[in-house]
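Here the structure is laid out as structure tokens; the discussion comes afterwards.
Number of protein chains: 2
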Amino acid sequence: MRLTSYTDFALRALIFTGAARETVTIATISAAYGISKEHLRKVVNQLAHLGYLITTQGRHGGLTLGKPAEKINLRAVVEAFETSQLAECFDKDTNTCPIDGMCKLKHALRNAQQSFLKELENYHLSDLVKNPQLQVFVRQRTG
Amino acid sequence: MRLTSYTDFALRALIFTGAARETVTIATISAAYGISKEHLRKVVNQLAHLGYLITTQGRHGGLTLGKPAEKINLRAVVEAFETSQLAECFDKDTNTCPIDGMCKLKHALRNAQQSFLKELENYHLSDLVKNPQLQVFVRQRTG
Numbered sequence: 035m036r037l038t039s040y041t042d043f044a045l046r047a048l049i050f051t052g053a054a055r056e057t058v059t060i061a062t063i064s065a066a067y068g069i070s071k072e073h074l075r076k077v078v079n080q081l082a083h084l085g086y087l088i089t090t091q092g093r094h095g096g097l098t099l100g101k102p103a104e105k106i107n108l109r110a111v112v113e114a115f116e117t118s119q120l121a122e123c124f125d126k127d128t129n130t131c132p133i134d135g136m137c138k139l140k141h142a143l144r145n146a147q148q149s150f151l152k153e154l155e156n157y158h159l160s161d162l163v164k165n166p167q168l169q170v171f172v173r174q175r176t177g
Numbered sequence: 035m036r037l038t039s040y041t042d043f044a045l046r047a048l049i050f051t052g053a054a055r056e057t058v059t060i061a062t063i064s065a066a067y068g069i070s071k072e073h074l075r076k077v078v079n080q081l082a083h084l085g086y087l088i089t090t091q092g093r094h095g096g097l098t099l100g101k102p103a104e105k106i107n108l109r110a111v112v113e114a115f116e117t118s119q120l121a122e123c124f125d126k127d128t129n130t131c132p133i134d135g136m137c138k139l140k141h142a143l144r145n146a147q148q149s150f151l152k153e154l155e156n157y158h159l160s161d162l163v164k165n166p167q168l169q170v171f172v173r174q175r176t177g
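Taken in sequence, the protein lines are chains A and B.
In this text, residue positions in the first sequence follow our numbering: the first is 35, and each later residue adds one.
In this text, residue positions in the second sequence follow our numbering: the first is 35, and each later residue adds one.
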């Protein structure tokens, strides 16, 4: 069970931008984490599309949070990015398993997935960016 | 977030064998689900190694449950098969994320993963094989 790197990078981009408290660039985030700029650009575009980031153009342009960190819920971000299904039977268009409909496993897995998401609901971006070491790390890369 | 097909097939093999209540073969399970015999053989070997299945050789050989379905817990099976880590930072040997140790995301994800597994703990194989339609499906393929 693994989150996609797409979701992982989205969360990291939000954490960096949230901890920075000033405009940051894709190049800075990419260099700070050692992750592909191209991959990050796609993630940032979706975050902007969803209202989590605001992108501004120009010499002093870059990324800022699109809403307060206290309003960015971890469950909502993970649900928006994590589009893969937990098991084959969760996608009726591609499912080939013949016991779908007579198998209680799907029910059990769905409940487990809901418990996972419910737990994430307890966290907001503001909870993730408070650490002083993290703020130093970000400041050193944006200064 | 997706379970590996390895885990999915392990659960399906247990469901089929548990619903059959008689010796079944890898060929029968493979044909019933339309999944690769080779892939299934690896899964069955691990299930046998873990004590969930007993394999017997010979003309009437095949697979039976290694313990009562009431004793086969869904969490235990998923934990045994699902070796992939939820995010890069969960594996300290391969992690490259520089904010590991100062980032609370890992803590949030770990709690969510525990909630997922805790929910699965409520289910045993016996809960998954009771459906009469499932038993008809299995009987038609083993008879």
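Glycine included, each C-beta is placed from N, C-alpha and C at the ideal position.
Within the stretch 148-168 of chain B, those residues whose Cβ lies closer than 9 Å to any Cβ of chain A are, in chain order, Gln148, Ser149, Phe150, Leu151, Lys152, Glu153, Leu154, Asn156, Tyr157, Asp161, Leu162, Val163, Lys164, Asn165, Pro166, Gln167 and Leu168.
Not flagged as an interface residue toward chain B: aspartate 127 (chain A), since no C-beta distance is shorter than 8 Å.
When the Cα atoms are used, threonine 176 (chain A) and glycine 68 (chain A) turn out to be separated by approximately 15 Å. Residue ranges of uninterrupted beta strand (DSSP E) with 3 or more members are absent from the stretch 98-148 of chain B; none lies entirely inside it.
At a cut-off of 8 Å between beta carbons, phenylalanine 115 (chain A) makes no contact with chain B. Nearest in C-alpha terms to serine 39 (chain B), of all of A:Thr98, A:Asn145 and A:Glu122, is A:Glu122. Against chain B, a Cβ distance below 9 Å from tyrosine 67 (chain A) picks out Thr130, Cys131, Pro132 and Ile133.
For isoleucine 88 (chain A), the closest C-alpha among the options A:Phe150, A:Gly52 and A:Glu72 is that of A:Gly52.
Between leucine 139 (chain B) and leucine 74 (chain A), the CB-CB gap reaches or exceeds 8 Å.
Residues of the stretch 102-114 of chain A with a Cβ closer than 7 Å to any Cβ of chain B, in chain order: Leu108. Phenylalanine 43 (chain B) is positioned such that its CB atom lies no closer than 8 Å to that of alanine 146 (chain A). In this structure, proline 132 (chain B) and alanine 54 (chain A) do not form a Cβ contact; the two beta carbons are roughly 15 Å apart against a cut-off of 8 Å. In terms of Cα proximity to proline 102 (chain A), the closest of A:Gly85, A:Ser118, A:Thr90 and A:Arg109 is A:Gly85.
DSSP places glycine 96 (chain A) in the strand class (E or B) of the three-state scheme. Under the Cβ criterion (8 Å, minimum of three pairs), the stretch 110-122 of chain B does not count as touching the stretch 103-111 of chain A.
Using a CB distance cut-off of 8 Å, glutamate 72 (chain B) does not count as an interface residue toward chain A. Contact check for leucine 120 (chain A) against arginine 36 (chain B) passes: the beta carbons are separated by less than 8 Å.
Within the same chain, Arg109 come within 8 Å of lysine 152 (chain A) by CB-CB distance, once the 5 residues on both sides are set aside. Distance from isoleucine 49 (chain B) to valine 163 (chain B) at the Cβ level is roughly 6 Å; contact confirmed, criterion being Cβ atoms closer than 8 Å. The shortest CA-to-CA distance from asparagine 156 (chain A) to any of A:Arg173, A:Asp125 and A:Val111 is the one to A:Val111. Shown here, leucine 84 (chain B) sits in coil according to DSSP, grouped into three states, outside any helix or strand.
Assigned with DSSP and collapsed to three states, valine 58 (chain A) falls in strand. Here DSSP, grouped into helix, strand and coil, assigns threonine 89 (chain A) to strand. Under the 8 Å criterion on CB atoms, arginine 36 (chain B) is classed as interfacial with respect to chain A. The beta carbons of threonine 57 (chain A) and glycine 96 (chain A) sit closer together than 8 Å. Checking the DSSP bridge columns, you'll see arginine 36 (chain A) partnered with B:Arg36. Counting along the chain, valine 170 (chain B) sits inside the alpha helix (DSSP H) bounded by residues 166-176.
Under the DSSP definition of a beta bridge, histidine 158 (chain A) partners with A:Asn107. Per the C-alpha coordinates, the member of B:Leu99, B:Asp161, B:Val172 and B:Thr130 positioned closest to histidine 141 (chain A) is B:Asp161.
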